[in-house]
Amino acid sequence: MTMASGILLVTHAGVATALIAAARHVLVRLPDTLDSVELPADADPELSLREATRHAASLDQGAGVLVLSDLYGATPCNIAQRLSEHRARLRWVAGLNLPMLLRVLNYAARPLDELAEIAVSGGHTGIRIDHEPC
């Protein structure tokens with residue numbers, strides 16, 4: 001039996017909750033290996049890192065953890081990057097959007113490195129300009 005990678009959303013307050021609710025609406029059933037940490041505007045980065053570390057550890061069933069953050073360069077992304085410095089089986093991707101999350105959830109059983117690439121592909125594929133077909 002293939003182990004699924006853990007999926008941890010590290011976002012600004014409210015973002016992960018909204019994206020998970022939308023994903024639940026589309027997919028109905030979400031993996032048990034999905035969790036989130038939302039950072040308020042006044043979050044202490046060290047406390048947030050400890051919280052994210054606990055969540056990542058609880059999600060890792062041996063296949064590693066994919067961390068998705070909402071905004072490159074912001075505190076949630078910095079937390080994800082710092083997590084990766086301390087966990088061998090952790091990849092992070094910034095720029096989280098709903099298409100990215102849906103793609104990751106649909107392919108959660110894929111190996112961690114492949115899942116990170118799937119996340120980026122899903123995020124890019126879900127962005128279109130008005131003259132492109134849907």
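Counting along the sequence shown from 1, when you hit position 81 you're at 81 in full-length UniProt numbering, and nothing is skipped either side.
Beta carbons are placed, not taken as given, at the ideal position from N, Cα and C, and that holds for glycine.
On a predicted model such as this, the values are computed, not experimentally measured, just so you know.
Each of 119, 35, 89 was checked against the Cα of residue 96, and the nearest Cα belongs to 119. Per DSSP, the unbroken beta strand (DSSP E) holding residue 35 starts and ends at 34-39. Between residue 11 and residue 51, the CB-CB gap reaches or exceeds 8 Å.
For residue 90, the closest C-alpha among the options 103, 63, 75 is that of 63. For residue 69, the uninterrupted beta strand (DSSP E) run begins and ends at 65-69, by DSSP. Within a 10 Å sphere around the beta-carbon of residue 104 sit 16 or more other beta-carbons, which makes this residue buried.
For residue 99, the closest of 109, 17, 122, 133 by C-alpha to C-alpha distance is 122.
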